[in-house]
Amino acid sequence: FKAINDTYGHLVGDEVLKEATREVKKVLRKSDIFGRWGGEEFLILLPMTSEPFAPAEKIRQTIEGCELCKGLKITLSLGATTYRDGDSMDSMLARADRALYKAKQQGKNRTVVL
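All residue numbers for the sequence shown refer to the working numbering, where the first residue is -16 and numbers rise by one.
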């Protein structure tokens, strides 16, 4: 979003963010929890999901395929993980963050599960 903010201004950046949020919410279930984690990062909790790749990839493809404010297109890099016995919230978030970093390293606009 920094590039959008720098090019078009924060008002357009905010509108793109809102539109992207609406698009993501269209593919989530009522039980899913979606929120901004910080900066350009978001967190989605998918309760009762044992295989996170399919829903994460669906979100990525939804955003990739939509035209947002001013005809702009954006892409997503997603890092996903599942709860493992003995996990704390911190350990799950750290693993998801590593997956996100790996997705960005591999060229962005992709989903990585660890």
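For each residue, glycine too, the CB sits at the ideal point set by N, CA and C. These numbers come from a predicted model, not from an experiment.
Asked	Found
From Glu23, Arg12, Arg19, Ile16, residue whose alpha carbon lies closest to that of Thr58	Glu23
Through-space distance from Gly21 to Lys91, alpha-carbon basis	18 Å
Assigned exposure category for Ala(-14) - 16 Cβ within 10 Å defines buried	exposed
DSSP three-state assignment for Phe(-16), whether helix, strand or coil	coil
Glu50, DSSP secondary structure in three states	coil
Terminal residues of the alpha helix (DSSP H) in which Leu76 lies	72 to 88
Opening and closing residue of the alpha helix (DSSP H) in which Leu161 lies	Summary: the structure shown does not reach residue 161, with the chain confined to residues -16 through 97, and so no result is reported for it.
Inside the region 20 to 68 only - alpha helix (DSSP H) runs reaching at least 4 residues	36 to 48
Lys98 to Ala37 span [Cα, whole Å]	Shown here, the chain extends from -16 to 97; a query on residue 98 therefore has no answer.
Spatial neighbours of Ala86 in its chain, beta-carbon cut-off 7 Å, leaving aside the 5 residues before and after	Ser60, Leu61, Gly62, Arg93, Thr94, Val95
Sub-8 Å separation of Thr64 and Pro35 beta-carbons	yes
Per-residue burial, Gly(-4) [other beta carbons within 10 Å of its own, 16 or more giving buried]	buried
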